[in-house]
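Protein chains in written order, with the working numbering: chain A, 34 to 284; chain B, 4 to 333. Ideal placement from N, C-alpha and C gives every residue a C-beta, glycine not left out.
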């Protein structure tokens, strides 16, 4: 439903260049995965796309409209899910509709019928319809993250962003949650950009790959281009064999 | 040198030092330093306790505290005690406190009715104070109102708190006379200051993540405050409100002492009539009132705080008599 254009994006925090002249385009309905070590600038890029962080220079355009602040057509899934533990799964899903609900109506929970149906349909998409009434505080990490996905879907976004959505989940839940994100994006034809640090998960779910290293875009291509050499380049000197040998030497 | 002294140096030797020979000298130096610091600490503690003791005796002199007076008036207090706890005998033999005379006064003056008036003062005052507390408390938080401006609201709450509830009642007398109404207004005002402050403190603990998450959905500023911030502190807000209700019930009792009505007023009149038995009957009812409010408040707090979803509200109500009995007899 939308095209994302990033042109010469740079973000500095003091002396640190978190993003250094990053440019790319994500086509309509593409499922892109953002790779890179911790500190490579993945979160900063996503936060710029979401409008939470203002770039130092450069431009982001979504459907030819520049991003200037948080936008209701850009939805974000957070690593720590950040759902409201006090509310039910349904209540959390409905917070995605806040931007189209007047303040006093949202205060008393008087949502429109289409929004209520949208919330339930989003919960169905993430397989939590039967738990709609349950307080999210008492849910597992994977379920809470799925509630976070539902909230993002209720927003009816054009672009879905996910910042390490499965980093704090066990491998099985990670797989499930990634599956839900991909099927939700397919179902609603959403352009998606998800940062991941597990290369195997990325290979399994991604079509298109972008990789950052020290704030610079070092790779932009499709699955067949993502060779072992490229992965080594993305993750630099950190090689698993070295780590293994290192531990053996100490033991 | 004994073996014990050598032991630490032996340990050091596993970490070879270039200046191995001066190890003992270093230890002596360290010991000297520690002894010196300790002596200074003891000296300071001694001076501080002298100052503290002086202030304490000055304070006692200021209030005219005298043990002689206690001894002199002890017989009088003893006879009052006799009236506080009137004697009767159980089955004609066992001496026991005469609850009958308490009960007589409780029925005669309808003390439970008076206790309800006091409870109403505390409850209504709390409810009246909540909107103000919520407004001042939320606006007083630095995360809602930017830094210098939030002090307008914090300052307002500080001023309210600086004046005790009883003094607020005195201030409001021209408005409502010496009555439970005035007392309720005073309690409401006091609640704005105290509860508002607790709300502000609770808001300091709010996490940034959920706020950002709500912001990212495109919600407006007010929605972000309500859903991102306030929903995180919903549980502590309820808990603090229950806590303030407990305090306000006690304040409502003391309001009666200055003529604010309710059970405190009965206590005051019986005291001025020197009816000590009646006073104790009133105190017993006050005790029952305050303890019941605390009991309910604590149940509600542990219910909303705890993850014990199993204990539904209905169950809480249905099982109440059972639990009450258990907590009384076990």
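Which whole-angstrom value is the C-beta distance of residue i and residue j, which I expect to be below 8 angstroms?
i	j	result
residue 355 (chain B)	residue 125 (chain B)	Nothing about residue 355 (chain B) can be read from this structure; chain B reaches only from 4 to 333.
residue 58 (chain A)	residue 90 (chain A)	Wrong, their Cβ atoms sit about 18 angstroms apart, outside the cutoff.
residue 137 (chain B)	residue 55 (chain B)	Not really, about 41 angstroms apart at Cβ, beyond 8 angstroms.
residue 232 (chain B)	residue 157 (chain B)	Going by Cβ atoms, the distance from residue 232 (chain B) to residue 157 (chain B) rounds to 17 angstroms, so no, they are not a contact pair.
residue 127 (chain A)	residue 152 (chain A)	5 angstroms
residue 220 (chain B)	residue 105 (chain A)	7 angstroms
How is the alpha helix (DSSP H) around residue i delimited, first residue to last?
i	result
residue 119 (chain B)	114-142
residue 145 (chain A)	Where residue 145 (chain A) is concerned, there is no enclosing alpha helix (DSSP H), given that its DSSP letter is neither H nor E.
residue 125 (chain A)	122-127
residue 211 (chain A)	204-220
residue 108 (chain A)	Per DSSP, residue 108 (chain A) belongs to no alpha helix (DSSP H); it is in the beta strand (DSSP E), 107-110.
residue 163 (chain B)	150-165
residue 255 (chain B)	237-258
residue 270 (chain B)	266-275
residue 73 (chain A)	Taken as a continuous stretch (DSSP letters only), residue 73 (chain A) belongs to no alpha helix (DSSP H), as it is neither H nor E.
residue 355 (chain B)	Because chain B spans 4 through 333 in this model, residue 355 (chain B) falls outside it and cannot be assessed.
residue 41 (chain A)	No alpha helix (DSSP H) holds residue 41 (chain A); the beta strand (DSSP E) holding it covers 37-46.
residue 187 (chain A)	174-187
Nearest CA to the CA of residue i: which residue from the options?
i	options	result
residue 52 (chain A)	A:259, A:108, A:247	A:247
residue 258 (chain B)	B:215, B:34, B:289	B:289
residue 307 (chain B)	B:53, B:245, B:92	B:245
residue 96 (chain A)	A:254, A:165, A:223	A:223
residue 236 (chain A)	A:84, A:215, A:250	A:215
residue 193 (chain A)	A:172, A:71, A:103	A:103
residue 257 (chain A)	A:241, A:211, A:39, A:196	A:241
residue 49 (chain A)	A:74, A:37, A:36, A:39	A:74
residue 189 (chain B)	B:220, B:252, B:212, B:104	B:252
residue 216 (chain B)	A:39, A:183, A:162, A:41	A:183
residue 234 (chain A)	A:38, A:68, A:36	A:68
residue 211 (chain B)	B:78, B:294, B:230	B:230
residue 291 (chain B)	B:76, B:36, B:118	B:118
residue 210 (chain A)	A:36, A:161, A:123	A:161
residue 180 (chain B)	B:116, B:262, B:38	B:262
residue 198 (chain A)	A:219, A:180, A:172	A:180
residue 197 (chain B)	B:213, B:240, B:277	B:240
residue 206 (chain A)	A:163, A:217, A:173	A:173
Within the continuous beta strand (DSSP E) that includes residue i, where are the two ends?
i	result
residue 93 (chain A)	90-95
residue 253 (chain A)	249-255
residue 245 (chain A)	241-246
residue 92 (chain B)	90-93
residue 230 (chain B)	Run containing residue 230 (chain B): none; DSSP gives neither H nor E here.
residue 97 (chain B)	97-100
Flag residue i as yes if its beta-carbon sits less than 7 angstroms from any beta-carbon of chain B, otherwise no.
i	result
residue 231 (chain A)	no
residue 109 (chain A)	yes
residue 103 (chain A)	yes
residue 35 (chain A)	no
residue 226 (chain A)	no
residue 280 (chain A)	Unreliable positioning characterises residue 280 (chain A) in this predicted model, as indicated by a pLDDT of 49, which lies under 50. The coordinate reading is nonetheless provided below. No, because no Cβ of chain B sits closer than 7 angstroms to the Cβ of residue 280 (chain A).
residue 206 (chain A)	no
residue 83 (chain A)	yes
residue 188 (chain A)	yes
residue 174 (chain A)	no
residue 86 (chain A)	no
residue 56 (chain A)	no
residue 46 (chain A)	no
residue 212 (chain A)	no
residue 39 (chain A)	no
residue 51 (chain A)	no
residue 128 (chain A)	yes
Can you confirm whether residue i, when its beta carbon is compared against all beta carbons of chain A, has any partner nearer than 7 angstroms?
i	result
residue 144 (chain B)	no
residue 134 (chain B)	no
residue 212 (chain B)	yes
residue 226 (chain B)	yes
residue 3 (chain B)	Here chain B covers residues 4 to 333 and nothing more, so residue 3 (chain B) does not appear.
residue 216 (chain B)	yes
residue 234 (chain B)	yes
residue 230 (chain B)	yes
residue 240 (chain B)	no
residue 237 (chain B)	yes
Whose Cβ in chain D lies nearer than 7 angstroms to the Cβ of residue i?
i	result
residue 132 (chain A)	Here the protein chains are A and B, and chain D is not one of them.
Would you say residue i touches the ligand SAH, meaning its beta carbon is less than 6 angstroms from a heavy atom?
i	result
residue 134 (chain B)	Ligands in the displayed structure: none, and consequently the ligand SAH is not present.
(request) Count the C-beta pairs between the stretch 192-207 of chain A and the stretch 123-143 of chain A that are closer than 8 angstroms, then say yes if the count reaches three, no if not. (result) At 8 angstroms Cβ cutoff, the stretches do not touch.
(message) For the structure I just gave you, are there three or more beta carbon pairs, one from the stretch 100-115 of chain A and one from the stretch 63-74 of chain A, closer than 8 angstroms?
(response) no
(message) When you compare the stretch 220-227 of chain A with the stretch 66-80 of chain A, are there three or more beta-carbon pairs, one atom per stretch, that lie closer than 8 angstroms?
(response) The stretch 220-227 of chain A vs the stretch 66-80 of chain A: in contact.
(request) Check whether the stretch 204-215 of chain B touches the stretch 156-170 of chain B, taking contact to mean three or more Cβ pairs, one atom from each stretch, closer than 8 angstroms. (result) no
(message) Does the stretch 108-117 of chain B come into contact with the stretch 271-286 of chain B, if we say contact requires no fewer than three beta-carbon pairs (one atom in each stretch) closer than 8 angstroms?
(response) yes
(message) With three or more beta-carbon pairs closer than 8 angstroms as the criterion, would you say the stretch 259-268 of chain B touches the stretch 90-103 of chain B?
(response) no
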